[in-house]
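For reference, the structure is listed below as structure tokens.
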Amino acid sequence: MIKVEQAAKMFGSKIALDDLSFSVEAGQIVGLVGANGAGKSTMLKAMAGLLHLDRGKITIDGKSPCRSTRERLAFLPDLDAWYPWMKLSDIMRYMQDLYPDWDGKKADHLLDYLHLKRDSLIKVASKGTRAKIKLLLVLSRQAKYLLLDEPFSGIDPFAREQIAHAIMEDFLEEEQTILIATHEVSEVEALLDEILFLDDGKLLLKGNVETLKLAESKSLLEILKEVYHHARL
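The numbering used here numbers the first residue of the sequence shown as 25 and each following residue consecutively.
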């Protein structure tokens, strides 16, 4: 379980996280949704141990984010983290050396499924190809928790469909816990068990997606628009 208690973070005068509290049960796909600047990326980075909170705490299976918990996490950042001169094969060798849970067979499967080539050069790869590369690197690990930051950002609809299918296939096979931070609500609605809706660092809505939709007789996007509107009144 991932547990967040009164998490707060500021960057200068900007409030990124405003006393957030929630928990993520094991074996779920959870959407961390909201507009750009809502605090989604900050929350995932704090969970991954890449930044420290100003106040509050996060625990992963009862432990604070640190080296031991990072080994249970696979984090897909919203920005590229590789040198432009590298080929995909270079990055895969690096990941294999760095992470004992790297699964070479799964990586080979994803290479084929996502139509990627080992000799793909990062500096000339399209945004869609780079998004697929980042996904391959995350899903090829046998990590208990996957943290995906904007996996659909700026890529074409067909690539989005491939990525969504790869995420679901990986979840069903490995029974992992997946957090997807995104503003592309329609792309993830069918994948999600639970939703966390952030705005200006605050948690506006949390709940089971199907329960919310049945209770309101509305789509998830319609529900979120209504919640956002009321928060702005």
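We treat Cβ as the ideally placed atom computed from N, Cα and C, and that holds for glycine.
Should residue 164 be labelled buried (16 or more other beta-carbon atoms within 10 Å of its own) or exposed? Buried is the call here.
Taking Cβ to Cβ, would you say residue 29 is nearer than 7 angstroms to residue 87? no
Rounded separation between residue 255 and residue 228 - CA only: So the two alpha carbons sit approximately 8 angstroms from each other.
Whole angstroms are fine: how far does the CA of residue 189 sit from the CA of residue 210? Whole-angstrom Cα-Cα distance: 14 angstroms.
Since residue 206 and residue 174 are thought to touch, with beta carbons under 8 angstroms apart, how far apart are those beta carbons, to the nearest angstrom? 6 angstroms
Between the alpha carbons of residue 46 and residue 54, how many angstroms are there, rounded? 12 angstroms
Within 10 angstroms of the Cβ of residue 64, are there 16 or more other Cβ atoms? Answer buried if so, exposed if not. Burial is judged here by how many other beta carbons sit within 10 angstroms of a residue's own beta carbon; residue 64 has at least 16 and is buried.
Alpha carbon to alpha carbon, what distance is there between residue 167 and residue 208? 25 angstroms
Quick check on residue 126: buried or exposed, where buried means 16 or more other Cβ atoms within 10 Å of its Cβ? buried
Residue 77 vs residue 31 beta-carbon contact at 7 angstroms: yes
Do residue 162 and residue 100 have their beta-carbon atoms positioned less than 7 angstroms apart in this structure? yes
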